[in-house]
Amino acid sequence: MSIKQCKGHAKQTGFTLVELAIVLVIIGLILGMAFKGKDLIDGAKVKSLAAQYNKIQAAFNIYFEKYGAYPGDGCTALQVLGTFVQCPTAGRNGILNTVNEANSALIQLQNANILTAADLQTPFGTTWAVSISTSAVFPPAGTNYLSFTNPVNAVPIATVADARYVCALDRMIDNGDSGAVAVGGAGTVVRSTTAPLYTNATDCWARTGTSNVGLRLLP
Numbered sequence: 013m014s015i016k017q018c019k020g021h022a023k024q025t026g027f028t029l030v031e032l033a034i035v036l037v038i039i040g041l042i043l044g045m046a047f048k049g050k051d052l053i054d055g056a057k058v059k060s061l062a063a064q065y066n067k068i069q070a071a072f073n074i075y076f077e078k079y080g081a082y083p084g085d086g087c088t089a090l091q092v093l094g095t096f097v098q099c100p101t102a103g104r105n106g107i108l109n110t111v112n113e114a115n116s117a118l119i120q121l122q123n124a125n126i127l128t129a130a131d132l133q134t135p136f137g138t139t140w141a142v143s144i145s146t147s148a149v150f151p152p153a154g155t156n157y158l159s160f161t162n163p164v165n166a167v168p169i170a171t172v173a174d175a176r177y178v179c180a181l182d183r184m185i186d187n188g189d190s191g192a193v194a195v196g197g198a199g200t201v202v203r204s205t206t207a208p209l210y211t212n213a214t215d216c217w218a219r220t221g222t223s224n225v226g227l228r229l230l231p
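Residue 13 is where the sequence shown starts when you use this note's numbering, and the numbers rise one by one after that.
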């Protein structure tokens with residue numbers, strides 16, 4: 013009896029080079045979309061901050077046109093949310109000098125139905141506040157700044173902001189170097205004209221660390 017040996021081809025398993033290439037391309041596309049999606053979200057947050065700043069600044073002007081003074085100017089006591097009362101005329105000087113004046117400003121804009129509470133909430137879950145004109149955090153003296161970082165009026169309202177957003181915001185509403193936006197480290201504000209933290213040539217999204225940020229409101 014003869015024994016016949018049958019030779020067969022073993023079935024191969026696994027991916028071919030073409031299949032591996034396709035998988036790698038798909039993974040690359042997914043990662044690319046994920047990073048692009050994050051960039052879009054970050055960009056949207058910066059645009060939202062800029063839009064809120066413009067809206068609050070416009071609200072100050074609307075209030076002035078209607079009542080002949082800026083909100084908060086002349087207030088000797090903190091305004092109560094829900095009841096609109098104009099501040100005494102005796103203390104008005106076109107700037108918000110005291111804590112009561114600065115903290116009453118945004119309350120009056122809400123009580124006058126010019127702004128809502130939602131208008132004052134930033135994309136980071138913090139609330140906009142107005143600095144007093146003598147603030148050492150947001151100089152020079154005689155100016156008021158809008159901010160959502162600490163400290164404003166010596167009362168911390170939030171941690172300092174991600175430096176990437178500060179840089180991108182400056183570039184969006186100013187020249188990316190100096191002007192309407194003042195930036196600085198925790199505790200002190202530094203204008204980029206004296207000690208630049210970035211320039212208009214800086215890659216904002218490559219920055220690290222945190223900064224205080226103040227947006228010029230008055231005058």
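Backbone N, C-alpha and C define an ideal beta-carbon position, used for all residues, glycine too.
So what does residue i bridge to, in DSSP terms?
{"i": "residue 158", "result": "142, 227"}
{"i": "residue 133", "result": "139"}
{"i": "residue 194", "result": "226"}
{"i": "residue 174", "result": "222"}
Count the other C-beta atoms from every protein chain shown that fall within 10 angstroms of the C-beta of residue i, then say buried if there are 16 or more, exposed otherwise.
{"i": "residue 83", "result": "buried"}
{"i": "residue 86", "result": "buried"}
{"i": "residue 156", "result": "buried"}
{"i": "residue 182", "result": "buried"}
{"i": "residue 194", "result": "buried"}
{"i": "residue 204", "result": "With a pLDDT of 41 at residue 204, under the threshold of 50, the modelled position of that residue is not reliable, and the figure given next carries that caveat. With 16 or more Cβ atoms within 10 Å of its Cβ, residue 204 is classed as buried."}
{"i": "residue 118", "result": "buried"}
{"i": "residue 68", "result": "buried"}
{"i": "residue 217", "result": "exposed"}
Going by C-alpha distance, which of the options is nearest residue i?
{"i": "residue 185", "options": "65, 56, 144", "result": "65"}
{"i": "residue 213", "options": "89, 135, 187", "result": "187"}
{"i": "residue 5", "options": "180, 231, 146, 227", "result": "Shown here, the chain extends from 13 to 231; a query on residue 5 therefore has no answer."}
{"i": "residue 126", "options": "72, 90, 144", "result": "72"}
{"i": "residue 154", "options": "229, 140, 138, 128", "result": "229"}
{"i": "residue 53", "options": "152, 135, 33, 211", "result": "135"}
{"i": "residue 123", "options": "152, 219, 93, 38", "result": "93"}
{"i": "residue 95", "options": "129, 221, 120, 32", "result": "120"}
task = Specify whether the region 155-162 and the region 170-186 touch according to this definition: at least 3 beta carbon pairs, one from each stretch, less than 8 Å apart.
result = yes
ask   = In chain order, which continuous runs of the beta strand (DSSP E) of length 3 or greater are located wholly inside the region 56-86?
value = For the region 56-86, there is no continuous beta strand (DSSP E) assignment of 3+ residues that stays within its boundaries.
The region 111-118 contacting the region 131-145, beta-carbon criterion three pairs below 8 Å = yes
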